[in-house]
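Colleague: Numbering (the working numbering), first residue to last: 306 to 1046.
All C-beta atoms in this analysis are idealised placements derived from N, C-alpha and C, irrespective of residue type, glycine included.
1. Under a Cβ-count criterion, where at least 16 other Cβ atoms within 10 Å of its own Cβ denotes burial, should residue 755 be classed as buried or exposed?
2. Going along the chain, which unbroken runs of the alpha helix (DSSP H) with 4 or more residues stay wholly within the stretch 694-766?
3. How far does the beta strand (DSSP E) with residue 566 in it extend, from its first residue to its last?
4. So, at 8 Å on beta carbons, what are the nonlocal neighbours of residue 347 in its own chain, with the 5 sequence-adjacent residues on each side left out?
5. Examine the Cβ distances between the stretch 970-979 and the stretch 885-896 and report whether three or more of them are shorter than 8 Å.
6. How should residue 983 be labelled, buried or exposed, when 16 other C-beta atoms within 10 angstroms of its C-beta is the threshold for buried?
7. For the beta strand (DSSP E) holding residue 814, just list the boundary residues, first then last.
8. In three-state DSSP terms, what is residue 1047?
9. Find the nearest neighbour of residue 770 within the set 804, 785 and 762, judged by alpha-carbon distance.
10. By the three-class DSSP mapping on this structure, what secondary structure does residue 686 have?
11. Since residue 519 and residue 544 should fall inside the 8 Å C-beta cutoff, what is the C-beta to C-beta distance between them, to a whole number of angstroms?
12. Taking the beta strand (DSSP E) that residue 544 falls in, what are its first and last residues?
13. Using a threshold of 8 Å, state whether the C-beta atoms of residue 510 and residue 584 are closer than that.
14. CB-CB under 8 Å to residue 327, same chain, minus the five flanking residues each way: which ones, in chain order?
15. What are the start and end residues of each continuous alpha helix (DSSP H) run of 4 or more residues lying completely inside the stretch 322-396, in chain order?
16. Would you say the stretch 873-885 touches the stretch 915-926, given that touching needs at least three Cβ pairs under 8 Å?
17. Since I believe residue 816 is in contact with residue 786 (beta carbons under 8 Å), could you give me their beta-carbon distance rounded to a whole number of angstroms?
18. Would you list the residues sitting across from residue 555 in a DSSP beta bridge?
19. Among 340, 824, 529 and 745, whose alpha-carbon lies nearest the alpha-carbon of residue 784?
20. Quickly, what does DSSP pair residue 692 with across the bridge? List them, please.
21. Under the rule that 16 or more other beta-carbon atoms within 10 Å means buried, what is residue 713, buried or exposed?
22. Would you report the Cα separation of residue 775 and residue 764, rounded to the nearest angstrom?
23. How is residue 830 classed by DSSP in three states: helix, strand or coil?
24. Smallest Cα separation from residue 564: which of 576, 400 and 590?
25. Going by Cα to Cα distance, which pick from 419, 386, 313 and 363 is closest to residue 331?
26. With the cut-off set at 8 Å, would you say residue 561 and residue 524 are in Cβ contact?
27. Among the residues of its own chain, which have a CB less than 6 Å from the CB of residue 794, if the five just before and after it don't count?
28. Report, in whole angstroms, the separation of the C-beta atoms of residue 1010 and residue 985, which I expect to be a contact under 8 Å.
29. Within the continuous alpha helix (DSSP H) that includes residue 920, where are the two ends?
30. Ordered along the chain, which non-local residues of its own chain (more than five positions away) have a Cβ less than 8 Å from that of residue 500?
31. Report buried or exposed for residue 917, applying the criterion of at least 16 other Cβ atoms within 10 angstroms of its Cβ.
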């Protein structure tokens, strides 16, 4: 049975090769470095040596040189099995020193076994090529050895530099994106608890910090939604479609006021298809809440564990060392030093401990421990050989690095989250430094036509139509951000799409960090080209509809005057007085216009009254008067199906109602009567008394003023009466003899 000596500083590699070689019928020896391997080889002569190159104490190259110098070991076949030294120069150096074979990882271990069998068979038949090279002089060996090691160290340094730079950049990007985002960013459970919120979301709801909001909100639906059913509706959409876009609902601010929030979210499902959590963004669409939050800086206190091991058992532990595993020192003293070590790590811990004592080395390594409560924790150990009561012992220092391990694992999660957050925002999100683009999300393609990786590193000038536009927006933007963390004013400006067309975008921005050093900002862009065009078309349509409506109203008024020539011009004169009263009372422009429309149509119901009754010169009978009194209802029925913004049909119906309930048709009182109807009522009475009627001559303005003064606050609204009287007494208002609009 051939004996193979395995040399590798990684216990898992030794373990793997040991199992494979033994199953293939070989006897195995093992060593963790070149020095240990020499001792093993001289004690138990192997038939072949399989060695790694990069090892502590003595590496593979030095081990090979020492074997070739040794009269007993120099003829033993030597195989390098490495993943580190893969350069052809390294391989040539190894062969020059007398190696029989170099196998580069990763390779199927059974291919290595096949090569070993081949070498041993050739050696048995005496046909193995002679590798009895004369060891080169020390100076020549050291030169080649140094070049090889330095080259490998340089590669490792470059790899570490690249990895550290990528890690720092990713952390910086995610931190800036999350901490300085203009939009609120969150992650929540289906049950209604926040697990993650950014400062923007916390400020949006009036909380001083993200943690405070997370701690305070135990049920999002009950505490934040003004109507908890809105959250259920949102959850239903997320459950059915997996995403929620532009969901707008009223929320409760911490102060108690209502704010409107637009939510964009998507559901993250587990392997079983169930929803694990929601993540997305929120924007305050009511107003930007500017609150200065107090950010608490929390640092975890770190305690170093100290313990002493002798004869494989704990002799002493301080409180921290025991507490890492959930025990007290008294519970662990006297127990095996591997008592808390996770079973899969026993081999590693035992081998390294033995090396500490045997070689007098001090080196840190990481192992898992099993906590008293059943959880697994990661511990970094530093072992130092020492004496205790005149005999060898190990002094250990331990640090709990579980959180550090978790942080490393979460780095990949943070990168994925960064991508998810950027892609969940329905806007182009672009980060800049000195107006050079650092990152961009996928919606940048939707709005500007550029792929994100096409923009990285380029000047933001590429998004503008001209140098003048570029400078104009930049000056305004950076001037605002120099004095405020966020620039909440919305800049609507023309930008340039990749295909050359102009697009109108609404842009918002926030600076990254506490100052504008490096002019680092994050901006969002919303394409409002179609929105603006739609608004313009809508405005033109509204103007056309207004002209059409005005013409229709004039036609209806003319038809009524043609039927009742004795009251010709009455509605138009009432219109002018109503508009004057509205101006005197400072009514809003849109309400005044609606009031004017109602005044022009207030007697439209008289179209349904027979002409002989309308123009009867004498006193009306009770039946005739009752017919006259239905004209407000007739007018209401004529107008009610027209879709006015204001209740014009109701104004017409109520214009003969009186505050004391003496009016008709419904006998309304006080606040039951619309203000607009009260204004028309006063103007109608004043015009009617001042003008000629078939059944009487004109009574004059003075009589009309006396009528409304006498019944001020009784039949007629006091404020309306006062405004009307000021118009005639102080402003010189007069009815036109021939009204004309």
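Modeller: Taking the geometry as given:
1. Within the chain shown, residue 755 is the residue found at index 450, counting from 1. Residue burial is scored here from C-beta neighbours: residue 755 has at least 16 other C-beta atoms within 10 angstroms and is therefore classed as buried.
2. Within the stretch 694-766, the complete alpha helix (DSSP H) runs of at least 4 residues are 707-729, 748-753 and 757-760.
3. In the chain shown, the residue the question calls residue 566 occupies position 261. From DSSP, the beta strand (DSSP E) with residue 566 extends over 563-574.
4. Within the chain shown, the letter at position 42 stands for residue 347. So the list reads 375, 377 and 378, once near-sequence residues are dropped.
5. Contact between the stretch 970-979 and the stretch 885-896 is absent, because fewer than three Cβ pairs lie under 8 Å.
6. The residue labelled residue 983 in the question sits at position 678 within the chain shown. Buried is the label assigned to residue 983, since at least 16 other Cβ atoms lie within 10 Å of its Cβ.
7. By one-based count along the chain shown, residue 814 stands at place 509. DSSP places residue 814 inside the beta strand (DSSP E), whose first and last residues are 807-816.
8. With the chain covering only 306 through 1046, there is no way to say anything about residue 1047.
9. The sequence position of residue 770 within the chain shown is 465, counting from 1. It is 804 whose Cα lies nearest to the Cα of residue 770.
10. By one-based count along the chain shown, residue 686 stands at place 381. Strand.
11. One-based indexing of the chain shown puts residue 519 at position 214. One-based indexing of the chain shown puts residue 544 at position 239. Between residue 544 and residue 519 the Cβ distance is about 24 Å, and since that is not below 8 Å, they are no contact.
12. Here residue 544 is taken as the residue at index 239 of the chain shown, counted from 1. Counting along the chain, residue 544 falls outside any beta strand (DSSP E), though it belongs to the alpha helix (DSSP H) covering 533-546.
13. Taking the chain shown and counting its residues from 1, the one referred to as residue 510 is at position 205. Taking the chain shown and counting its residues from 1, the one referred to as residue 584 is at position 279. Not closer than 8 Å, so no.
14. Within the chain shown, numbered from 1, the residue matching residue 327 stands at position 22. Result list for residue 327: 333, in chain order.
15. Whole alpha helix (DSSP H) segments, 4+ residues: 339-348 and 365-374.
16. Cβ pair count under 8 Å is below three, so no.
17. Numbered from 1 along the chain shown, position 481 holds the residue referred to as residue 786. Numbered from 1 along the chain shown, position 511 holds the residue referred to as residue 816. Cβ atoms of residue 786 and residue 816 come within 8 Å of each other, at about 5 Å.
18. Here the question's residue 555 lines up with position 250 in the chain shown. For residue 555, which the question treats as bridged, DSSP gives the partners 565.
19. Here residue 784 corresponds to residue number 479 of the chain shown, with the count starting at 1. Among 340, 824, 529 and 745, the Cα nearest to that of residue 784 is on 824.
20. Position 387 of the chain shown, counted from the first residue, corresponds to residue 692. DSSP lists 697 as partners of residue 692.
21. Locating residue 713 in the chain shown gives position 408, where the first residue counts as 1. With fewer than 16 Cβ atoms within 10 Å of its Cβ, residue 713 is classed as exposed.
22. Taking the chain shown and counting its residues from 1, the one referred to as residue 775 is at position 470. Taking the chain shown and counting its residues from 1, the one referred to as residue 764 is at position 459. Going by the C-alpha atoms only, they are around 10 Å apart.
23. Your numbering for residue 830 matches position 525 in the chain shown. Three-state result, residue 830: strand.
24. In the chain shown, counting from the first residue as 1, residue 564 sits at position 259. For the residues 576, 400 and 590, the minimum Cα distance to residue 564 belongs to 590.
25. For the purposes of this step, residue 331 is taken as the residue at position 26 of the chain shown. Of the listed residues, the one whose Cα sits closest to residue 331 is 419.
26. For the purposes of this step, residue 561 is taken as residue 256 along the chain shown, with counting starting at 1. For the purposes of this step, residue 524 is taken as residue 219 along the chain shown, with counting starting at 1. Between residue 561 and residue 524, the gap from beta carbon to beta carbon reaches 8 Å or more.
27. Along the chain shown, one-based indexing puts residue 794 at 489. Summary for residue 794: the model assigns pLDDT 45, below 50, so the residue's position carries little reliability; its value from the coordinates is reported in the next sentence. The answer is none, since no qualifying residue turns up.
28. Reading the chain shown from its first residue, position 705 is the one you call residue 1010. Reading the chain shown from its first residue, position 680 is the one you call residue 985. Not confirmed; about 18 Å, so no contact.
29. Reading the chain shown from its first residue, position 615 is the one you call residue 920. DSSP places residue 920 outside any alpha helix (DSSP H), giving it a letter other than H or E.
30. Numbered from its first residue, the chain shown carries residue 500 at position 195. Within the same chain, and ignoring the five residues on either side of residue 500 in sequence, the residues whose Cβ sits closer than 8 Å to its Cβ are 492, 493, 494, 519 and 582.
31. For the purposes of this step, residue 917 is taken as the residue at position 612 of the chain shown. Residue 917 is exposed by the Cβ-count criterion.
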